[in-house]
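Enquirer: Just dropping this structure here.
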Amino acid sequence: MNEEKVIILKPERKIFEDIYFSGNQGSLLFSPTTKGKTIAAIAAAVIVFIVFLLKDLLSKENAGILYFLSFIFLLCAVFLSVSVNKVSRWKKQVNHYLNVLEKCKVYEIRFDQNFFTVNIDGEKETSEWKDFEYFDSNNEFISIEGKYSYMFPRKAMSEKEYSFLKNILKERVKID
Numbered sequence: 218m219n220e221e222k223v224i225i226l227k228p229e230r231k232i233f234e235d236i237y238f239s240g241n242q243g244s245l246l247f248s249p250t251t252k253g254k255t256i257a258a259i260a261a262a263v264i265v266f267i268v269f270l271l272k273d274l275l276s277k278e279n280a281g282i283l284y285f286l287s288f289i290f291l292l293c294a295v296f297l298s299v300s301v302n303k304v305s306r307w308k309k310q311v312n313h314y315l316n317v318l319e320k321c322k323v324y325e326i327r328f329d330q331n332f333f334t335v336n337i338d339g340e341k342e343t344s345e346w347k348d349f350e351y352f353d354s355n356n357e358f359i360s361i362e363g364k365y366s367y368m369f370p371r372k373a374m375s376e377k378e379y380s381f382l383k384n385i386l387k388e389r390v391k392i393d
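Per our numbering, residue 218 is the first one in the sequence shown, and the count goes up by one each step.
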């Protein structure tokens, strides 16, 4: 393949949104990143509340348990807060990207023997094939990571183009 190949993608927001926000990815408290921390914080809060209600039954020597459990709850809340912040920033970046896609007129992938270029309305990002470190594909999308990272939905191109891109990436992206 010496000649340049061009794949034009349909920049429909819904196609990309369905992938980015699948499986509660966009949920601040129940995304895969935050779900465990949310459950731990709720469990810690319930335990602290129950112990607080029963504090009169605790002896003076055991009253420290309430402080300890409160500290554990605060730790859970801090870890949850950090994760929620991370998901919130990711969601903001994705929404910004989706807004750019919504307004774009040209979204194309160009590649040849040496280079891989993504063009969104004249904003081009060019990488050499060796710049890519990871490639993955499934029934919904193709993702590649490296100097730049991309996700190309199956529905944004024809079946023939999707298969062709997948095969080229398998051939060109060297995974160590």
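Positions of the beta carbon are idealized from the N, C-alpha and C atoms, including for glycine.
As the structure is a computational prediction, the values presented were derived from the model and not from experiment.
1. Thinking just about the alpha-carbon of each residue, which of Y314, K277, V323 and W346 is nearest to the one in K231?
2. Within a Cβ cutoff of 7 angstroms, which residues of the same chain sit near K322, ignoring the five residues on either side of it in sequence?
3. Hey, quick one: how far does the alpha helix (DSSP H) through V263 stretch, first residue to last?
4. Under the rule that 16 or more other beta-carbon atoms within 10 Å means buried, what is S249, buried or exposed?
5. Using the beta-carbon count (16 or more within 10 Å), is A258 buried or exposed?
6. Give every residue of the same chain whose Cβ lies closer than 6 angstroms to the Cβ of Q242, excluding the five residues on either side of it in the sequence, and list them in chain order.
7. Is E340 closer than 8 angstroms to Y351 when the C-beta atoms are compared?
8. From the DSSP output, in three-state form, read off N336 for me.
9. I need the boundaries of the alpha helix (DSSP H) containing G281, first residue and last residue.
10. Are F349 and I359 touching if we call contact CB-CB under 8 angstroms?
11. Alpha carbon to alpha carbon, how far is E220 from K252? Give it in angstroms, no decimals.
12. Work out the CA separation of E357 and N312 for me, nearest whole Å.
13. Could you give the first and the last residue of the continuous alpha helix (DSSP H) run that contains R230?
Expert: Inspection of the coordinates gives the following:
1. With distances taken between Cα atoms, K231 lies closest to Y314.
2. D338
3. K252 to L270
4. Here the sequence assigns Pro to residue 249, which means Ser is not the residue at that position. Per the 10 Å Cβ criterion, exposed.
5. A258 comes out buried.
6. S248
7. no
8. strand
9. G281 to K320
10. No, Cβ-Cβ distance for F349 and I359 is not below 8 angstroms.
11. Distance between K252 and E220, taken at the CA atoms: about 48 angstroms.
12. 19 angstroms
13. R230 to Y237
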